[in-house]
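Take a look at the structure below.
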Amino acid sequence: MPKALVPGAPQAGLVPLRLPMLADVLEVEQRAYAHPWSRTNFADVLRSGYHAQVLMGGDTIVGYYVGMQGVQEAHLLNITVDPRYQRQGWARLMMQAFALWAGSWQAQTLWLEVRVGNARAIALYRSEGFEVVGQRKAYYAAGRGQREDALVMRRGLG
C-alpha cells in the first residue's frame, strides 16, 4: 500500500480529470518529463471522452493516468506521478485501477508504449504482468532533433 503523503493527510482517491484541473495537471506533467504533453493533448483527451483519472491526496495532485478504450482492449496513453511522490507505490495503484476499469467492460488486453530508456517504468509494467511484444522505432521526441524508441507492451486480462 502506498505511503501517506503527509502524516494525518486524507487518503488518496481517483477522480475524473476535468477542465479546471488542467493547469495543475500541466504543472505536474512539466515537472515529471523532459518532453511533457501539452495543454492541447490533455484538452483533446477530455474532448474525446478518454478515461482520464487524477489521483488526489486531499487537494494535492499526486498523479494521473489516461486510458483509451478499444475493441476488447484498453491502451494506457499516459501515467504520471508527481516527482515529489514517486517511489511510494502510487503508479502501481493507478496501474491496478486502469486494469480494473478495463476489466469492468470486458477488455481482454491492455497495451502501452514506454521509452526504451525508462527502466523504472519497464520494471513496474513487468511486475504488473506486461510483456514486451514489439518496438516502435523513433517513437518519442528525445531533444536536439533526436528520437527514442518505444517498447510496446501487452498484458492479457482474465
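Note that the working numbering has the sequence shown beginning at -18, numbered continuously upward.
Each residue gets a CB set at the ideal place from its N, CA and C atoms; glycine is no exception.
Because the structure is a prediction, the values reported are computed rather than measured.
Paired residues, beta bridge with residue i - DSSP
{"i": "E112", "result": "R135"}
{"i": "Q50", "result": "A55"}
{"i": "Q34", "result": "P(-3) and Y46"}
{"i": "L91", "result": "A55 and R136"}
{"i": "V62", "result": "G44"}
{"i": "Q127", "result": "G124"}
Secondary structure of residue i, DSSP reduced to three states
{"i": "D5", "result": "helix"}
{"i": "G84", "result": "helix"}
{"i": "A122", "result": "strand"}
{"i": "V97", "result": "coil"}
{"i": "R117", "result": "strand"}
{"i": "Y14", "result": "coil"}
Expected contact under 8 angstroms - CB spacing of residue i and residue j to nearest Å
{"i": "L93", "j": "A80", "result": "At roughly 11 angstroms, the Cβ-Cβ gap does not stay under 8 angstroms, so L93 and A80 are not in contact."}
{"i": "Q53", "j": "Q77", "result": "In fact, because the Cβ distance is near 20 angstroms, the residues do not count as touching under 8 angstroms."}
{"i": "R135", "j": "E112", "result": "6 angstroms"}
{"i": "Q159", "j": "G126", "result": "There is no way to answer for residue 159, as the model of the chain reaches only from -18 to 139."}
Cβ-heavy atom distance, residue i to the ligand FMN, below 7 angstroms
{"i": "A80", "result": "Only the bare structure without any ligand can be found here, which leaves the ligand FMN out of the picture."}
Residue burial classification, residue i (beta-carbon count within 10 angstroms, cutoff 16)
{"i": "E10", "result": "buried"}
{"i": "H32", "result": "buried"}
{"i": "A83", "result": "buried"}
{"i": "G38", "result": "buried"}
{"i": "Y106", "result": "buried"}
{"i": "G115", "result": "exposed"}
{"i": "Y14", "result": "exposed"}
Own chain residues within Cβ distance below 8 angstroms of residue i, not counting five before or after
{"i": "G44", "result": "V9, V35, L36, I60, T61, V62, D63, Y66, W71, A72 and M75"}
6 angstroms Cβ shell around residue i - same chain, five flanking residues per side excluded
{"i": "D40", "result": "none"}
{"i": "L(-2)", "result": "A33 and V35"}
Cut-off 7 angstroms between Cβ atoms - residues of its own chain near residue i, not counting five sequence neighbours on either side
{"i": "D130", "result": "V97, Q116, R117, K118, A119 and Y120"}
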